[in-house]
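Single-structure report; data block below.
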Amino acid sequence: MLVHVLADTSEKLFGLCSLFGEQFTVAGERLDVEAKLPHDGAAVVVRVDLRALDNIAALKKRAARLAKAKKRIFLVEQISHVCISQAYALGATSVLPGKIDAAKLLAALADPVGHGTGPTSGISQPDNAVDAAATAIASMFTSITLGERVDIAGPKEAGRKITNRISEHGLTEWLATVRRHHEGTFQHCLLVTGVAVDFGVSLGFRKSDLERLSTAAMFHDIGKARVPLAILDKPGRLDEDERALVATHPAAGYDVLQGHLDISPEVLDAVRHHHEYLDGSGYPDGLCAENITDIVRVLTIADIFAALIEHRPYKPTMPRAAAYEILCGMRGKLDRVLVASFKPVALTR
Ligand SMILES: [Fe+2]
Ligand SMILES: [Fe+2]
Numbered sequence: 077m078l079v080h081v082l083a084d085t086s087e088k089l090f091g092l093c094s095l096f097g098e099q100f101t102v103a104g105e106r107l108d109v110e111a112k113l114p115h116d117g118a119a120v121v122v123r124v125d126l127r128a129l130d131n132i133a134a135l136k137k138r139a140a141r142l143a144k145a146k147k148r149i150f151l152v153e154q155i156s157h158v159c160i161s162q163a164y165a166l167g168a169t170s171v172l173p174g175k176i177d178a179a180k181l182l183a184a185l186a187d188p189v190g191h192g193t194g195p196t197s198g199i200s201q202p203d204n205a206v207d208a209a210a211t212a213i214a215s216m217f218t219s220i221t222l223g224e225r226v227d228i229a230g231p232k233e234a235g236r237k238i239t240n241r242i243s244e245h246g247l248t249e250w251l252a253t254v255r256r257h258h259e260g261t262f263q264h265c266l267l268v269t270g271v272a273v274d275f276g277v278s279l280g281f282r283k284s285d286l287e288r289l290s291t292a293a294m295f296h297d298i299g300k301a302r303v304p305l306a307i308l309d310k311p312g313r314l315d316e317d318e319r320a321l322v323a324t325h326p327a328a329g330y331d332v333l334q335g336h337l338d339i340s341p342e343v344l345d346a347v348r349h350h351h352e353y354l355d356g357s358g359y360p361d362g363l364c365a366e367n368i369t370d371i372v373r374v375l376t377i378a379d380i381f382a383a384l385i386e387h388r389p390y391k392p393t394m395p396r397a398a399a400y401e402i403l404c405g406m407r408g409k410l411d412r413v414l415v416a417s418f419k420p421v422a423l424t425r
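Right, dumping it as structure tokens:
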């Protein structure tokens, strides 16, 4: 396999080229010289400081050629929303954050089932839904962090692709694929959308309601872009101040989206109220049952379930049956009839 290495300094370039040289044919390129990468079918490894606007501009100039690579692995030096989401927005098929881990990197390159890998004829259709959704979520987070207007069409389209993918391959396959390739907050958004869509399908939602639900799920945690990643992805329990900061996200998401004409009132309502409980103990508005719509009730169940079954590096993944038991135990907070209807989605679909 041919591996192209793209870096913003000679030191990084030489370091990566010598790392890969023993196992692969390597071609290196510095970001500030003429754009020539990559050839069709190659893998690309990018190690560039994504905080520098010049670097982002140089990568965007290479976007069309970069897109020809089956694997586009970005090594992100600074673990921040901006850098990780920027990498996905620039076309990364996987992002390895933090210090360069040679073993992990070589495994990612050698992995035949890896994200964005496949026959040389092109990236297979199923992975398109994951790529499109991850990129859409990343772009949303980037836009908010940079104070730019949020793209509405991208996440909506990604929600449709997830719906198609789940209709074709089922929820279990979606959960496994997402958990294999994404971590933390992005993984959560992808899982919630998949679970919510499958729940909507099982409830016999009309196409228009299903579309509202998938859009609401894609956007539901967009307000988390205003919360530091170090808190969102912190292993273990949050302290009181951190919890209070995280709890601002539904209202923050509502504020971000409310000026957009393309966002329906139902979606806006779902973003603001996905942490409300029927007994009035939720937030931000402490709504009671009569003010919580069906789409919100469905989304809340999908959100809690997805959070429980997420794959986190520091804790074992909770089995789906155990997560469903927890939902059943939340009496008074969740819609009992809906929780009962959720059983086949949780356990078997
Ligand atoms: Fe949330
Ligand atoms: Fe959530």
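When we follow this note's numbering, the leftmost residue of the sequence shown carries the number 77, and every step to the right adds one. C-beta: ideal position from N, C-alpha, C; glycine also.
Assigned secondary structure, residue i (DSSP; H/G/I helix, E/B strand, else coil)
i, result
"Ser284", "helix"
"Ile385", "helix"
"Ser170", "strand"
"Ile149", "strand"
"Gly356", "coil"
"Val122", "strand"
"His264", "helix"
"His350", "coil"
"Lys144", "coil"
"Thr23", "An answer regarding residue 23 cannot be provided, because it is not within the stretch 77 to 425 covered by the chain."
"Leu82", "strand"
"Val102", "strand"
"Asp130", "helix"
"Leu279", "coil"
"Lys112", "coil"
Closest Cα partner of residue i within the set the options
i, options, result
"Val322", "Ser340, Tyr359 and Leu286", "Tyr359"
"Lys144", "Gly280, Phe90 and Leu78", "Leu78"
"Ala328", "Lys310, Lys112, Phe295 and Asp177", "Phe295"
"Leu337", "Glu110, Glu318, Ala272 and Val226", "Val226"
"Ala59", "Glu366, Asp361, Leu363 and Ile371", "Because the chain in this structure spans residues 77 to 425, residue 59 falls outside the shown range and cannot be described."
"Ala301", "Val109, Ser243, Val332 and Pro341", "Val332"
"Ala320", "Val303, Gly246, Val413 and Ala252", "Val303"
"Ala293", "Thr218, Lys232, Leu182 and Thr393", "Lys232"
"Arg138", "Val109, Gly276 and Glu153", "Val109"
"Gly230", "Glu244, His245, Ala252 and Ala205", "Ala205"
"Lys391", "Leu267, Phe262 and Lys310", "Lys310"
Cβ shell of residue i (< 6 Å), same chain only, five flanking positions each side left out
i, result
"Asp411", "Arg373"
"Ala208", "Ala234 and Lys237"
"Glu352", "Gly358, Leu363 and Ile368"
"Arg250", "Correcting the residue type first, residue 250 is Trp in the shown sequence and not Arg. So the qualifying residues of the chain are Ile242 and Gly270."
Contact set for residue i: own chain, Cβ-Cβ below 7 Å, skip 5 residues either direction
i, result
"Ala83", "Leu89, Leu92, Arg106, Leu107, Arg123 and Val124"
"Thr239", "Val273, Leu286 and Ser290"
"Lys419", "Tyr400"
"Ala178", "Leu95"
"His350", "His296, Pro326, Val372, Leu375, Thr376 and Asp379"
"Leu288", "The identity of residue 288 in the sequence shown is Arg, whereas the question assumes Leu. Hits under 7 Å: Ser340, Glu342, Val343 and Ile371."
"Ser86", "Arg106"
"Ala365", "Leu354"
Rounded distance between the beta-carbons of residue j and residue i, thought under 8 Å
i, j, result
"Gly211", "Ala165", "The question names Gly, but residue 211 is Thr in the sequence shown. With 8 Å as the limit, Thr211 and Ala165 qualify as a contact, their Cβ atoms being about 6 Å apart."
"Gly260", "Leu308", "7 Å"
"Ile213", "Cys265", "5 Å"
"Leu185", "Leu172", "That pair is no contact at about 11 Å."
"Asp361", "Lys409", "Actually they do not touch by this definition, with Cβ atoms about 15 Å apart."
"Leu129", "Gln162", "Between Gln162 and Leu129 the Cβ distance is about 11 Å, and since that is not below 8 Å, they are no contact."
"Arg407", "Leu247", "With a Cβ gap of about 25 Å, Arg407 and Leu247 do not count as contacting."
Residues of its chain near residue i, where Cβ-Cβ distance is below 8 Å and the 5 sequence neighbours each way are ignored
i, result
"Ala422", "Phe381, Arg396, Ala397, Ala399, Tyr400 and Leu403"
"Ala416", "none"
"Tyr330", "Gly299, Leu344, Val347 and Arg348"
"Ile132", "Leu126, Gln162 and Leu166"
Neighbour flag for residue i against chain C, beta carbons, 8 Å
i, result
"Ala139", "Of the chains in the structure shown, none is chain C; there is only one protein chain."
Taking 6 Å as the limit, tell me which residues put their C-beta closer than that to any heavy atom of ligand 2, in chain order. His264, Val268, His296, Asp297 and Asp379
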